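> Residue numbers 4 to 196, in our numbering, belong to the letters of the sequence shown in order. The structure that follows is given in the form of structure tokens.
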Amino acid sequence: MIPSPSQSGFSLVETLVAITVLLLVIVGPMSISSSVARSTSYSSEQVVAFFLAQEGAELAQKARDDLQLQFFDGTNLTPWATFTGTTYAKCFEPTGCGLQLIDGDADGRLEPPEDCGSASCRLFIDSNGGRARYSYTTTGTTTPFTREIFMSSPAGAVDREVEVTSRVSWQTGNQRRIQSVEAKTYLFNVYER
């Protein structure tokens, strides 16, 4: 039977083909944009982690330099021994330490080192708009980042060299594997003999 011109329409097969083509056109770009969003988020976390690791290494250098300035003031006659022995001894332990600036201190002094052995050294975003955006102060917003600073003296160089490794670790989204970045620097006893 030949349909009359007034009975035109789509067959079931034509409708299914049209729906399939429409789904391919819609789902393809959506999956690409979803993948790009995940990749952008991960890249952003990597950048933040790298800068946090670099900041940790710089805080260790600031610790050494502050003690050296005390030597020039005459208030600390053994700054290197203070740095490698007493004040920052937690940083020389296998669990590492956490370093941060004192919030609200106009001189930019450092807090005593956090003990990463008893705490996780988790970083929080400071909601008070303090001196540093990320800190170990638990009153802020929790972040996925932890920062541990490890110091060690190479064999035979205890009185003149310290290796500083600042490691930032985080776990993103539903990934099981923990990501981490490290910044490494070497500090030298440049003034004291």
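We put the CB at the ideal spot given by N, CA and C, even for glycine. No experiment lies behind these values; they were computed from the predicted model shown.
Are Phe74 and Leu80 closer than 9 Å when you measure CB to CB?
Residue mapping note: residue 74 aligns to position 71 of the sequence shown, counting from 1. Residue mapping note: residue 80 aligns to position 77 of the sequence shown, counting from 1. Their beta carbons are under 9 Å apart, which means Phe74 touches Leu80 by this criterion.
> Give the range of the beta strand (DSSP E) segment to which Val193 is assigned.
The residue given as residue 193 occupies position 190 in the sequence shown. Counting along the chain, Val193 falls outside any beta strand (DSSP E), and DSSP gives it neither H nor E.
> Report yes if the C-beta of Gln57 is less than 8 Å from at least one heavy atom of the ligand MG; otherwise report no.
Within the structure as shown, the ligand MG is missing, as the structure has no ligands at all.
> What number of angstroms, rounded off, separates the C-alpha of Arg180 from the C-alpha of Gln174?
As a first step, residue 180 is located in the sequence shown; it is residue number 177 there, counting from the start. As a first step, residue 174 is located in the sequence shown; it is residue number 171 there, counting from the start. Taking the straight line from one Cα to the other gives about 7 Å.
> Count Cβ pairs between the segment 100–120 and the segment 148–161 that sit closer than 8 Å; are there 3 or more?
Taking 8 Å as the limit for Cβ pairs, the verdict is that the segment 148–161 does touch the segment 100–120.
> Tell me whether Tyr137 is buried or exposed, calling it buried when 16 or more other Cβ atoms sit within 10 Å of its Cβ.
Within the sequence shown, the letter at position 134 stands for residue 137. Label assigned to Tyr137: buried.
> With DSSP run on the structure shown, which of helix, strand or coil describes Ser14?
Working through the sequence shown from its first residue, we reach residue 14 at position 11. The answer is coil: DSSP assigns Ser14 none of H, G, I, E or B.
> Between Gly59, Leu190, Val171, Pro147, which lies nearest to Ala160 when the distance is taken from Cα to Cα?
Locating residue 160 in the sequence shown gives position 157, where the first residue counts as 1. Considering only alpha carbons, the answer is Leu190.
> Would you identify the three-state DSSP class for Asp68, choosing helix, strand or coil?
Taking the first residue of the sequence shown as position 1, residue 68 is located at position 65. The answer is helix: DSSP assigns Asp68 an H, G or I state.
> Given that a residue counts as buried once 16 or more other Cβ atoms are within 10 Å of its Cβ, and exposed if not, what is Ala122?
Against the sequence shown, residue 122 aligns to sequence position 119. Exposed: under 16 other Cβ atoms inside 10 Å.
> Less than 7 Å between C-beta atoms, sequence neighbours within five positions excluded: which residues of the same chain meet that for Glu96?
As a first step, residue 96 must be located in the sequence shown, where it is residue number 93. The answer, listed in chain order, is Gly120.
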